[in-house]
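Report on the following structure.
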Amino acid sequence: MSDFVSGNKIVLLRNGTEYFPALQQAIDAAQYEIHLQTYIFEDDAVGRAVAEALMRAAGRGVSACLLLDGFGCKEIPPAFVIELQTAGVEVLFYRPKISPWTLRRRRLRRLHRKVAVIDGRIAFVGGINIIDDMNAPDHMPPRVDYAVSVEGLLLAQIHASTRRLWRRTAWARLLRVDAGRLAGHVRPQAAGPMWAAYVVRDNIWHRRAIENVYLEAIDSARHEIVIANSYFLPGVRFRRALVGAARRGVRVVLLLQSRVEYVLLDYASRALYDQMLDAGVEIHEYQKSLMHSKVAVIDGHWATVGSSNIDPFSLLLAREANVVVEDAGFAGELRQDLERSIQNGASRVSQASWRHDHFGRRLVARLLYGLIRFFMGVVIGYPERR
C-alpha cells in the first residue's frame with residue numbers, strides 16, 4: 001500500500017515550541033533551496049520570525065519558494081507578502097480565487113498540507129501551520145499539534161513531491177518556474193535505521209492514499225489503535241474498520257476535540273458516538289486547550305503524523321501529506337505523549353452518560369450530521385456507499 005524505505009531519522013516535534021526553532025535553524029543553514037508549503041501563514045510573532053528567516057536565506061542567494069493556500073491565507077496582509085517578495089522570496093497562492101457564492105468542488109480543493117524541505121537534506125511534515133501556539137482566538141491556548149523532522153532516504157520522495165506541486169502551481173498561472181539551486185536529482189544519504197513512508201492525498205493519482213493507509217493498518221491491528229484527531233467525521237469504510245477492530249478485541253481509543261471550533265463539523269462528529277460506544281470504542285474529549293492533532297499509533301510500532309484529518313475535507317478534497325513510521329521507539333514515544341494528554345487533559349465519554357445526559361446534544365448532532373451529509377452529496381459528491 002505504501003512505499004516504505006529504510007535509512008531514516010524521524011524526530012517527533014510537539015507543538016510550535018519544538019517545531020519552529022528546528023524549522024528556523026534549518027532555514028538559516030540552507031545553502032541552495034527552500035520549499036515551504038502551508039495552509040495558514042499568520043503575520044504574528046512566529047510568522048514574522050519564519051518570514052525573516054526566509055528573507056535572510058533569499059538575501060544570501062538561496063532559492064526560497066513559499067506556497068500558501070488561497071483560502072487559509074486569504075487575510076494575510078498584502079504588505080507582508082510584498083515585503084517577502086521584495087526580499088527575494090518567491091510567493092505563490094494555491095487557488096487564490098475564493099467566492100462565498102461558489103461552492104464548486106474544485107474551489108473546495110485546498111492546500112492543507114504543511115511541508116518544508118531544505119536543501120533536499122531535511123524535511124518537516126505535520127499538522128502545524130505557521131502560527132503561534134498561543135494565537136488561538138476564542139479558545140484556550142496553547143494549540144496542541146505535532147510535526148516530524150525527516151532526514152534520510154525518504155527525502156527523495158518528499159523533495160520530488162514538493163517541487164512538483166510548486167511547478168504545477170506556477171505553470172497554472174503561466175509563471176516562470178525557478179528550477180531551484182539543486183541540479184539533478186536529490187540523492188539523500190541514509191541517516192538512521194527507521195522505516196518510513198511519505199503518503200500524500202491529491203485529486204489525481206492519490207485520491208484515497210491516506211485513507212487507505214489508515215484502513216490497512218486498522219484492519220491489521222491486533223492489540224491497540226490510538227487516534228488523536230481534531231476533526232473526526234469518517235466515512236462508512238473507516239467507521240466499519242474501527243468498529244470491526246473493536247469487536248475483534250482490539251482496544252480502540254479516540255482522542256477528539258471537546259471545544260467547539262466549527263459548529264457543523266463538531267456537532268456532526270458527535271452523531272457517530274452512539275455507534276462507536278456501542279462497539280466498545282473509547283472516546284476521550286480533550287478539554288485542556290485547543291487540540292489540532294492529526295496522529296495515530298497502532299500496535300506500538302506503526303505511527304502516522306501529518307496534516308490529514310479524518311473528515312471529508314481531508315480525505316476527499318484537500319491536498320494533504322502524512323509521514324507513516326514503522327518503528328517501535330518512535331511509536332512508543334508518540335503513544336506516551338497521547339496517553340499523557342488523555343490522562344491529564346481529557347474526559348472520557350461513557351455510554352451511559354452520553355445516552356442519558358446528552359439527549360439534546362445527540363439530537364442536534366444527528367440533525368447537523370444529516371445536513372453535512374446532504375452538503376457532501378450535493379456539493380462535494382460524497383459517495384454514500386463509502
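By UniProt numbering, the letter at position 159 of the sequence shown is numbered 159, and the numbering carries on one by one without gaps.
Backbone N, C-alpha and C define an ideal beta-carbon position, used for all residues, glycine too.
I need the straight-line Cα distance from glutamate 282 to leucine 256, nearest angstrom please.
A straight line joining the alpha-carbon of glutamate 282 with that of leucine 256 spans about 11 Å.
Please confirm whether serine 293 and glycine 127 have their CB atoms less than 8 Å apart.
Result yes, Cβ atoms of serine 293 and glycine 127 sit closer than 8 Å.
Pairs of beta-carbons, one from the stretch 204-214 and one from the stretch 300-315, closer than 8 Å: are there three or more?
Output reads yes: the stretch 300-315 touches the stretch 204-214.
Unbroken stretches of the beta strand (DSSP E), 3 residues or longer, contained in the stretch 287-339
Correct list: 294-298, 302-306 and 320-326.
What is the DSSP secondary structure of glutamine 275, counted as helix, strand or coil?
Note: glutamine 275 maps to helix in three-state DSSP.
Going by the C-beta, is leucine 367 closer than 7 Å to any heavy atom of the ligand NAP?
Within the structure as shown, the ligand NAP is missing, as the structure has no ligands at all.
Closest residue to glutamate 320 among Thr38, Asp337, Arg173 and Phe330 (Cα-Cα distance):
Nearest of Thr38, Asp337, Arg173 and Phe330 to glutamate 320, Cα basis: Thr38.
If contacts are defined as beta-carbon pairs under 8 Å, then residue 393 and valine 243 qualify, I think. What distance do you get, rounded to the angstrom?
The shown model of the chain, from 1 to 386, leaves out residue 393, and the question about it has no answer.
How is the beta strand (DSSP E) around methionine 194 delimited, first residue to last?
Start and end: 194-201.
Restricting to Cα atoms, I'd like to know which of Arg14, Asp274, Ser347 and Ser6 is closest to leucine 153.
Put simply, of Arg14, Asp274, Ser347 and Ser6 the residue whose alpha carbon is nearest the alpha carbon of leucine 153 is Ser6.
For phenylalanine 71, name the three-state secondary structure that DSSP assigns.
Residue state, collapsed to three classes: coil.
The beta strand (DSSP E) enclosing leucine 13, as first and last residue numbers:
In the DSSP assignment, leucine 13 falls within the beta strand (DSSP E) that extends over 5-14.
Residues that DSSP places opposite glutamate 224 in a beta bridge:
Answer is Arg251.
Count the other CB atoms within 10 Å of the CB of tryptophan 101; is the residue buried (16 or more) or exposed (fewer)?
Confidence in tryptophan 101 is poor, its pLDDT being 49 and thus under 50, which makes the residue's placement too unreliable to answer from.
Taking Cβ to Cβ, would you say arginine 164 is nearer than 8 Å to arginine 270?
No, the pair does not count as a contact, with Cβ atoms beyond the cut-off.
Return helix, strand or coil for asparagine 344, following the three-state DSSP convention.
Note: asparagine 344 maps to helix in three-state DSSP.
In the DSSP assignment, find the alpha helix (DSSP H) that holds alanine 84 and state where it starts and stops.
Reading off the sequence, residue 84 comes out as leucine, not alanine. Per DSSP, the continuous alpha helix (DSSP H) segment holding leucine 84 begins and ends at 78-86.
Give the single residue among Val295, Ser307 and Ser308 whose Cα lies nearest to the Cα of threonine 339.
Per the sequence shown, the amino acid found at residue 339 is glutamate instead of threonine. Checked all of Val295, Ser307 and Ser308; the closest Cα to glutamate 339 is Val295.
Pick helix, strand or coil for histidine 284, following the three-state DSSP scheme.
Assignment of histidine 284 by DSSP, reduced to helix, strand and coil, places it in the strand class.
Delimiting residues of the beta strand (DSSP E) encompassing leucine 92
First-last of the beta strand (DSSP E) with leucine 92: 90-94.
CB valine 148 to CB valine 115, shorter than 8 Å?
Taking 8 Å as the Cβ cut-off, valine 148 and valine 115 do not qualify as a contacting pair.
Can you tell me which of the three DSSP states leucine 153 falls into?
The answer is coil: DSSP assigns leucine 153 none of H, G, I, E or B.
Helix, strand or coil at leucine 111 according to DSSP, with G and I counted as helix:
DSSP places leucine 111 in strand when its eight states are reduced to three.
CA-to-CA distance, alanine 170 to residue 420, given in whole angstroms
Because the chain in this structure spans residues 1 to 386, residue 420 falls outside the shown range and cannot be described.
Rounded C-beta distance between valine 144 and serine 307? I'm assuming under 8 Å.
Actually they are not in contact, since the Cβ atoms of valine 144 and serine 307 sit about 15 Å apart, beyond 8 Å.
Can you tell me whether tryptophan 101 is helix, strand or coil according to DSSP?
Low local confidence applies: a pLDDT of 49 at tryptophan 101 is under 50, so the model's placement there is unreliable, with the coordinate-based value given in what follows. Three-state DSSP puts tryptophan 101 in coil, outside helix and strand.
In its own chain, which residues sit with a C-beta less than 6 Å from the C-beta of alanine 110, not counting the 5 before and 5 after it?
What sits at residue 110 in the sequence shown is arginine, not alanine. In chain order, Asp69, Phe71 and Ala318 place their CB closer than 6 Å to the CB of arginine 110, counting only its own chain and leaving out the 5 sequence neighbours on each side.
Using a Cβ-Cβ distance under 8 Å, would arginine 48 count as near chain E?
Any reference to chain E falls outside this structure, which holds one protein chain only.
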